[in-house]
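To start, the structure itself, in structure tokens.
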Amino acid sequence: MLRIFINYRRQDSEGYAGRLFDHLLHHLEREQVFIDVDDIPAGADFVDALEKAVATCDVLLAVIGPQWATITDESGARRIQQWNDFVRIEIASALRLGKFVVPVLVGRAPMPAPGDLPDDLQALARRNAIALGHHSFARDVEKLVTAIKEAVPANESFKPRPNSETLRQKDEALRAVRAEVINAQASPLYACRMENGYFPVFGEGNADANLMFIGEAPGKNEGRQGRPFIGPSGSVLDDMLAGINLKRADVFVTNLLLDCPPTKREPTPEEIAFYVPFVDRIIDIIQPAVIAPLGRFATSYILKKLGLSEHKGKIGELHGRLIRAAMPYGDIHIVPLYHPAVVLYSASQKELLRKDFDKLKVFV
Ligand code: URA
169 MLRIFINYRR QDSEGYAGRL FDHLLHHLER EQVFIDVDDI PAGADFVDAL
219 EKAVATCDVL LAVIGPQWAT ITDESGARRI QQWNDFVRIE IASALRLGKF
269 VVPVLVGRAP MPAPGDLPDD LQALARRNAI ALGHHSFARD VEKLVTAIKE
319 AVPANESFKP RPNSETLRQK DEALRAVRAE VINAQASPLY ACRMENGYFP
369 VFGEGNADAN LMFIGEAPGK NEGRQGRPFI GPSGSVLDDM LAGINLKRAD
419 VFVTNLLLDC PPTKREPTPE EIAFYVPFVD RIIDIIQPAV IAPLGRFATS
469 YILKKLGLSE HKGKIGELHG RLIRAAMPYG DIHIVPLYHP AVVLYSASQK
519 ELLRKDFDKL KVFV
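Going by my numbering, the first residue of the sequence shown is number 169, and it counts up by one from there.
See below:
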């Protein structure tokens, strides 16, 4: 059962939080929504009590009103910066426990800037916020509930912080697949690799990433160095990742083809058929919660592989959609994106690509 925790600051947004609670009950059962942590017995550790309450929920809604970040105590110190602030303790616990955290802006409050947040709340600044308008409250809450219901099944499969043993095993498993790609003499691109002195481009990044990108095929730059997306398309990818506060090392980036074709052209069906079993094994090892195929070839492969061919359509229609899919290791989301190279051909596409990348924010 989906459980939602409403976190709010009394002096800042009590009325809004109550209104949100009432509206959520139009969509959910009473026992699914928690608004106040009562009954902390005398002498109990209140940090422990708040953390336990947050731990029982799947989602934390952080209601942020106009004074959320600035309210001070009697000594003039900002409450959000204090270690014993209930609002801070609850949000920090939810972030640490990998809960689905949504900033809910009320009273026309802006999203707090990272500089206004203590260290343990920095990740809040990266969460996509939803604003509840005075006149559109019911509609906005409905949108919020839909977003939560769409996101939470995949979020449940989010992995806890990797421990070093998991990472070691995954790195080792990836190295074994990489060795097979290096020796893949049967590949239709093996001769081209040898003639040009290219390296195979296996992919790189976090072996336990939640977010995996699959491009089309390495170009010459990539073939010369054996690393994905290091040319102009790679600069666009880095720019988009930075826009959602991510670095390459946080995600895993690979391609549908793991060798560079002889000329800049579309991948052939034979090449795709040869490399996708390797790509499938990479996915199985990493077990990402979100796969973002870049461009039409990777999108069409991933949707077909996951039995989602009903989502047929051009990348122009599919880009930026959150498509739920079942993997043997749990539910995930597929988020098709335009290939970063679109920005090189048409600068106006940059904003569109950025907006689509913003949709990945809820998963990071
Ligand atoms: N384009 C891709 O699809 N992959 C790369 O690695 C580089 C450019």
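Where is the CB? At the ideal position from N, CA and C, for every residue including glycine.
Note that the structure is predicted; figures quoted are calculated from it, not measured.
Quiz prompt | Tyr513 versus Arg522: straight-line alpha-carbon distance, rounded | solution = 16 Å
Quiz item: Whose C-beta lies closer than 7 Å to the C-beta of Leu486 among residues of the same chain, with five residues either side of it excluded?
Solution: Thr467, His479, Pro504
Practice problem: Report, in whole angstroms, the separation of the C-beta atoms of Phe420 and Pro456, which I expect to be a contact under 8 Å. | Solution: 7 Å
Self-check item: Distance between Ala377 and Ala549 (C-alpha atoms, nearest Å)
Solution: Here the chain comprises residues numbered 169 to 532, so residue 549 is not present and cannot be evaluated.
Quiz item: Where DSSP assigns a beta bridge to Glu182, which residues make up the other side?
Solution: DSSP lists no partner for Glu182.
Self-check item: The beta strand (DSSP E) enclosing Arg349, as first and last residue numbers
Solution: Before going on, a small fix: residue 349 reads as Val here, not Arg. No beta strand (DSSP E) contains Val349, which is instead part of the alpha helix (DSSP H) from 332 to 350.
Self-check item: Close Cβ partners of Glu333 (< 7 Å) along its chain, the five nearest in sequence each way excluded
Solution: none
Quiz prompt | Rounded C-alpha distance that separates Asn252 from Val215 | solution = 8 Å
Practice problem: Verify the CB distance criterion: does Ile208 have a CB-CB separation below 8 Å to chain B? | Solution: Here chain B cannot be found, since the structure has a single protein chain.
Quiz item: Apart from the five residues on each side of it in sequence, which residues of its chain come closer than 8 Å, Cβ to Cβ, to Tyr184?
Solution: Tyr176, Val231, Gly233, Val274, Gly275, Leu300
Quiz prompt | Cβ neighbours of Arg346 in the same chain (closer than 7 Å, five flanking residues each side left out) | solution = Phe370
Quiz item: What do you reckon, is the C-beta of Gly373 under 7 Å from a heavy atom of the ligand URA?
Solution: no
Practice problem: Mind reading off the beta-carbon distance from Ala520 to Tyr506? Whole number of angstroms is fine, and I expect it under 8 Å. | Solution: The sequence shown places Leu at residue 520, rather than the Ala named in the question. Rounded, the Cβ-Cβ distance is 7 Å, consistent with contact.
Practice problem: Please list, in chain order, all residues of the same chain as Ile412 whose beta carbon is under 8 Å from its beta carbon, the five residues on each side excluded. | Solution: Arg294, Phe525, Asp526, Leu528, Lys529, Val532
Quiz prompt | Reduced DSSP secondary structure (H/G/I, E/B, other) of Arg198 | solution = helix
Quiz item: Any heavy atom of the ligand URA closer than 7 Å to the CB of Gly301?
Solution: no
Exercise. Determine, using beta carbons only, whether His195 and Val313 come nearer to each other than 8 Å.
Key: yes
Quiz item: The beta strand (DSSP E) spanning Ala494 covers which residue range?
Solution: 491 to 495
Practice problem: Specify, as a first and last residue, the run of the beta strand (DSSP E) that Val458 falls within. | Solution: 458 to 461
Exercise. Write down the C-beta distance between Pro445 and Ala385 rounded to the nearest angstrom, noting that I regard them as a contact closer than 8 Å.
Key: In fact, because the Cβ distance is near 16 Å, the residues do not count as touching under 8 Å.
Quiz item: Is Met380 helix, strand or coil when you go by DSSP?
Solution: strand
Self-check item: Phe446, DSSP secondary structure in three states
Solution: helix
Practice problem: Label Arg198 either buried or exposed according to how many other C-beta atoms from any shown protein chain fall within 10 Å of its C-beta, with 16 as the threshold for buried. | Solution: exposed
Quiz item: Under the three-state reduction of DSSP, which class applies to Asn175: helix, strand or coil?
Solution: strand
Quiz item: Quick one: what's got a C-beta closer than 6 Å to Ser325's C-beta in the same chain, skipping five residues either side?
Solution: The predicted model places Ser325 with a pLDDT of 47, which falls under 50 and marks its position as unreliable; any figure quoted below should be read in that light. Here the set comprises Ala457, Gly498, Asp499.
Quiz item: For Met169, does the count of other Cβ atoms within 10 angstroms reach 16, so buried, or fall short, so exposed?
Solution: exposed
Exercise. Assign Lys267 to buried or exposed, taking buried as 16 or more other Cβ atoms, counted over all protein chains shown, within 10 Å of its Cβ.
Key: buried
Exercise. Starting from the Cα of Ile259, find the closest Cα among Leu218, Ile350, Arg246 and give me that residue.
Key: Leu218
Exercise. Just the C-alpha distance for Pro356 and Leu471, rounded to the nearest angstrom, thanks.
Key: 24 Å
Self-check item: Which of helix, strand or coil DSSP assigns to Thr467
Solution: helix
Quiz item: Cα-Cα, which of Arg247, Ser403, Asn351 is closest to Phe367?
Solution: Asn351
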